[in-house]
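Let me begin by presenting the structure, written as structure tokens, before commenting on it.
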Amino acid sequence: MKVGPLLANTGQPVDTPQELAEEFNEYFSSVFTKEDTANVPTAKPIFTGSEAETLTTLDINDDMIRKKLSLLRSDKSPGNDALSSRLLREIQEELVHPLRILFTKSLRNGLIPEDWRTANVTPIFKKGSRNQVDNYRPVSLTSQVSKIMESLIRDAIVSHLEQFKLLCASQHGFRSGNSFLSNLLTFLDEVTRSVDEGHSVDVIYLDFAKAFDKVPHQRLLEKLHSHGIRGDLQNWIAAWLGNRKQRVCVRGCASG
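In this text, residue positions in the sequence shown follow our numbering: the first is 374, and each later residue adds one.
Right, here's the structure in full:
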């Protein structure tokens with residue numbers, strides 16, 4: 374990866390690995406939303422089912438974990454715990470039962486291992502001048518074990534949202550059977566119909582810069598509650614979002 378020499382806020386060049394790591398870490402840490410937790414608005418209720426139909430927990434079994442382990446890509450880099458996906462796949466039968474116990478206790482108690490909340494960040498160049506930190510995007514390498522747990526929870530949430538039709542039909546991203554292609558085809562169909570009927574069409578494109586970095590966590594938790602995701606599951610997500618750490622790694626050196 375070619376990085377630098379960067380220009381620091383002082384205008385001076387930064388090119389030693391340690392200085393590069395610190396400069397990137399300072400910038401990547403600055404783009405997060407600093408939420409006013411004293412004035413978090415209450416989300417409008419979306420879920421209309423009964424309390425018994427809310428998604429409050431997840432029953433994890435060995436087969437679920439075995440499937441996730443078998444799907445791990447061997448070329449994925451490990452996170453802060455240094456456990457590679459290749460190793461996890463090779464000893465998956467020995468790991469299935471211990472991981473089920475670990476995941477179940479983590480979910481029930483709302484406790485997240487520190488390694489799961491620590492990311493090694495690699496700066497990836499996007500566009501423009503290579504001398505400016507804001508022309509790089511962070512790619513976070515996190516625990517492969519944590520990703521298995523996250524994937525199990527993601528499956529449960531998506532199933533809940535689809536079952537109770539809690540997502541707008543116009544949302545194509547992150548949904549099974551939908552993609553940017555289905556979105557474009559739907560858009561093209563609407564535009565073609567309007568033009569054929571003699572109407573004019575105006576199009577406005579919006580792009581949210583660093584959208585995922587800037588999601589306010591308390592508002593996200595409010596949204597989850599309004600969609601019927603509560604109890605142990607909501608508590609686990611809140612714990613997973615809190616007290617996270619990152620360090621930027623450049624040329625073998627890591628930031629604070």
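Ideal placement from N, C-alpha and C gives every residue a C-beta, glycine not left out. These numbers come from a predicted model, not from an experiment.
C-beta contact flag for residue i and residue j at 8 Å
| i | j | result |
| --- | --- | --- |
| Ile433 | His600 | no |
| Leu606 | Leu431 | yes |
| Ala611 | Leu594 | yes |
| Arg617 | Gly629 | no |
| Gly452 | Asp409 | no |
| Leu442 | Arg473 | no |
| Arg592 | Val413 | yes |
| Leu445 | Gln517 | yes |
| Cys626 | Pro390 | yes |
Euclidean distance between Cα positions of residue i and residue j
| i | j | result |
| --- | --- | --- |
| Ser479 | Met522 | 10 Å |
| Leu525 | Met437 | 8 Å |
| Ala582 | Asp388 | 27 Å |
| Glu467 | Leu534 | 33 Å |
| Arg340 | Asp448 | Residue 340 lies beyond the range of the chain shown here (374 to 629); nothing can be said about it. |
| Glu424 | Leu597 | 14 Å |
| Ser318 | Ser458 | The requested residue 318 is not part of the displayed model; the chain covers only 374 to 629. |
| Val576 | Ser543 | 16 Å |
| Val506 | Asn398 | 10 Å |
| Val623 | Lys417 | 44 Å |
| Gly422 | Gly546 | 25 Å |
Whole-angstrom C-beta distance between residue j and residue i, which should lie under 8 Å
| i | j | result |
| --- | --- | --- |
| Val494 | Phe401 | 6 Å |
| Val404 | Asp562 | With 8 Å as the limit, Val404 and Asp562 do not qualify as a contact, their Cβ atoms being about 37 Å apart. |
Continuous alpha helix (DSSP H) stretch holding residue i: start and end
| i | result |
| --- | --- |
| Val531 | 517-536 |
| Phe560 | 553-569 |
| Val469 | 465-482 |
| Arg503 | Element bounds for Arg503: n/a, residue is neither H nor E. |
| Ile577 | Looking at the DSSP string, Ile577 is not in any alpha helix (DSSP H), and its letter there is neither H nor E. |
| Ile438 | 435-443 |
Residue span of the beta strand (DSSP E) that contains residue i, given as start and end
| i | result |
| --- | --- |
| Arg510 | 509-514 |
| Val621 | 618-623 |
Cross-strand partners of residue i (DSSP beta bridge)
| i | result |
| --- | --- |
| Asn493 | Leu514, Arg620 |
| Leu428 | Ile602 |
| Ala627 | Cys622 |
| Phe498 | Tyr509 |
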